[in-house]
Amino acid sequence: MSRPASSNPVSVRVERSRDTSGAGVSTSLDTNGVRGKLTANAALAPLVWFKSGGAAEWLFEPKDLADLQRFLRDLDPAVPVMALGLGSNMIVRDGGVPGVVIRLGKTFAQVRKVDELTLDCGGGASGILVSSTARDSGIAGVEFLRSIPGTVGGFVRMNGGAYGGEVKDILVDCDVVLRSGEQVTLRNADLHYTYRHSELQEGAIVIAARFRGRAGQPQAIQAEMDRISSSREASQPLRSKTGGSTFKNPPGHKAWQLVDEADCRGLRIGGAQVSEKHTNFLINTGDATSADIEALGEEVRRRVKENSGIELEWEIQRVGRP
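For what it's worth, this note's numbering labels the leading residue of the sequence shown as 94, then goes sequentially.
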């Protein structure tokens, strides 16, 4: 696919910061040609569920696809790029995120039916919007997305799943803008999905995905969505500042049970606590730093390994500088 012309390129230079360690790197951007919103030193804590962590060196919210492509194409390849959805499964470390964080807005949040069983979903669309559109269209098999507080881009990258469903079961293909600014379409098989993991390359931004379900009745689909919603409400600390499921379920085991058996229910470090309602959730009780939250997770991993011999793997993404 041809890329849009850039008469006003984004100028980027990378400079060493003047801190005492000499280790920091700051990125300066000339915003000529940017049509979206580009913010320096943008606070990320308000944008993530834990409500903790440092700032993004730059936060870019592109106006449209052409704006995103041109920005990435003209950005120095040495500058790191990270996508941010609803921030529900992420710890942003207290030192902030270097480079550019990209957040897709309403332009990328549309969902439409393309045939009897398939939805075309923007990368910024929420799981609630996707599942509700599927219900209205009589498409079953997508209900589980109702329970994942994220966006299509995150679902595709992490093979999001819950309540017996996974993205690998419904994804046909997805449109991705690579770090170079090139747009490509990747098939399900191209992502080499495993449990909560894909091989989507770093810096790539999922801008759309096609999900295919099966024929169903809207009333039955809504009943399943209600069941999922009630189950989440009863078992998870949804009204707390949390990050969703913290650890992956090891083969043959449930992470929450291993955490409980290691006597970690209610365990605290600083303002971070293991939820007493669901032990695979960490919560910010009010004044936790991201360092508190991550340290608590590592202590839980240590105790579980000591108690059961099983090494839990983080499911929550941890990004940025300590």
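Glycine residues also receive a C-beta, built at the ideal position from the N, C-alpha and C atoms.
Assigned exposure category for residue i - 16 Cβ within 10 Å defines buried
| i | result |
| --- | --- |
| Ala418 | With the chain running from 94 to 415 in the structure shown, residue 418 is simply not present. |
| Gln350 | exposed |
| Gly402 | exposed |
| Asn134 | exposed |
| Gln310 | exposed |
| Glu387 | buried |
| Pro242 | buried |
| Ser323 | exposed |
| Asp268 | buried |
| Glu154 | buried |
| Arg228 | buried |
| Glu236 | buried |
| Gly254 | buried |
| Arg414 | exposed |
| Val190 | buried |
| Arg186 | buried |
| Gly147 | buried |
| Asn199 | According to the sequence shown, residue 199 is Lys rather than Asn. Per the 10 Å Cβ criterion, exposed. |
| Phe332 | The residue you asked about is not Phe; residue 332 is Arg in the sequence shown. So Arg332 counts as exposed. |
| Ala149 | buried |
| Glu404 | exposed |
| Gly180 | buried |
Same chain, Cβ closer than 6 Å to residue i, five either side skipped, listed in chain order
| i | result |
| --- | --- |
| Ala355 | Arg396, Val397 and Asn400 |
| Arg325 | Ser240 |
| Leu222 | Val204 |
| Gln329 | His371 |
| Arg307 | Ala233 and Gly234 |
| Lys156 | Arg128 and Gly129 |
Given residue i as reference, the closest of the options once Cα atoms are compared
| i | options | result |
| --- | --- | --- |
| Gly258 | Asp385, Ala233, Glu408 and Gly146 | Ala233 |
| Asp160 | Asn281, Gly126 and Leu389 | Gly126 |
| Phe340 | Gln366, Ile221, Glu150 and Gly390 | Gly390 |
| Ile195 | Lys206, Glu275 and Leu165 | Leu165 |
| Glu406 | Arg394, Pro415, Arg414 and Gly413 | Arg394 |
| Ile376 | Phe143, Leu122 and Gly247 | Phe143 |
| Tyr286 | Ala313, Ile298, Arg250 and Gly296 | Arg250 |
| Glu275 | Met175, Ile409 and Arg163 | Arg163 |
| Ser230 | Gly247, Leu210 and Leu140 | Leu210 |
| Asp319 | Ser224, Pro170 and Arg305 | Ser224 |
| Ala343 | Val299, Tyr288, Ala297 and Leu158 | For clarity, residue 343 is Pro in the given sequence; the question names Ala instead. The option with the nearest alpha carbon to Pro343 is Tyr288. |
| Thr382 | Ile321, Thr335 and Cys357 | Thr335 |
Beta-carbon contacts of residue i that lie in its chain and below 8 Å, excluding the five residues immediately before and after
| i | result |
| --- | --- |
| Ala218 | Phe201, Ala202, Gln203, Val204, Thr244 and Val245 |
| Asn281 | Lys261, Leu264, Val265 and Asp266 |
| Val207 | Asp213 and Arg303 |
Opposing strand residues paired with residue i [DSSP bridges]
| i | result |
| --- | --- |
| Arg196 | Leu177 |
| Thr335 | Ile376 |
| Cys214 | Val204 and Ala302 |
| Leu152 | Thr132 and Val194 |
| Ala233 | Arg307 |
| Trp446 | The structure shown does not extend to residue 446, since the chain spans only 94 to 415, so no value can be given for it. |
| Thr244 | Ser219 |
| Val412 | Val185 |
| Ser340 | Sequence check: residue 340 is Phe here, not Ser. In DSSP, Phe340 forms a bridge with Trp407. |
| Val361 | Note on residue identity: the sequence assigns Arg, not Val, to residue 361. Beta-bridge pairing links Arg361 to Gln366. |
Own chain residues within Cβ distance below 7 Å of residue i, not counting five before or after
| i | result |
| --- | --- |
| Gly359 | Gln366, Val367 and Glu369 |
| Asn373 | Ser338, Thr339, Phe340, Ala348, Trp349 and Val352 |
| Ala301 | Asp213, Cys214, Gly215, Gly216, Cys267 and Asp268 |
| Gln284 | The sequence shown places Leu at residue 284, rather than the Gln named in the question. The residues are Ser291, Glu292 and Leu293. |
Ignoring anything shorter than 3 residues, give me the beta strand (DSSP E) runs that lie fully in the stretch 254–308, in order along the chain.
264–270, 276–280 and 298–305
Ignoring anything shorter than 3 residues, give me the beta strand (DSSP E) runs that lie fully in the stretch 365–396, in order along the chain.
365–367 and 375–377
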